[in-house]
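Throughout the sequence shown, residue numbering follows this note's numbering, covering 268 to 327 in sequence.
Even glycine gets a Cβ: it sits at the ideal position worked out from N, Cα and C.
Note that the coordinates shown come from a computational prediction; the quantities given were computed from them, not determined experimentally.
Notes follow once the structure below has been shown.
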Amino acid sequence: MQNKNGGLIMNTKIIKRREGESQNEFEMRVDVLLADVDFLSVSFQTDENGESKEAKVLYF
Numbered sequence: 268m269q270n271k272n273g274g275l276i277m278n279t280k281i282i283k284r285r286e287g288e289s290q291n292e293f294e295m296r297v298d299v300l301l302a303d304v305d306f307l308s309v310s311f312q313t314d315e316n317g318e319s320k321e322a323k324v325l326y327f
């Protein structure tokens, strides 16, 4: 998708970790959700224990 100046429009998606979901389950779910998406970056936001609480995805 392009804006009116011909530049690409970036989208942001926040994927939140579900209650009771393990770190491995969360990362696997994020991987599966992104399998068919052209994305630029994924950053995992961590809590005070170093566990991921959400993933921020930038994609087209």
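The beta-carbon separation of leucine 300 and isoleucine 282, rounded to 6 Å, stays under the 8 Å limit for a contact.
For arginine 285, the closest C-alpha among the options Glu315, Asn278, Val297, Thr279 is that of Val297. Secondary structure note for leucine 300: its alpha helix (DSSP H) is the uninterrupted segment 290-300. Rounded to whole angstroms, phenylalanine 311 and asparagine 278 show a C-alpha spacing of 17 Å.
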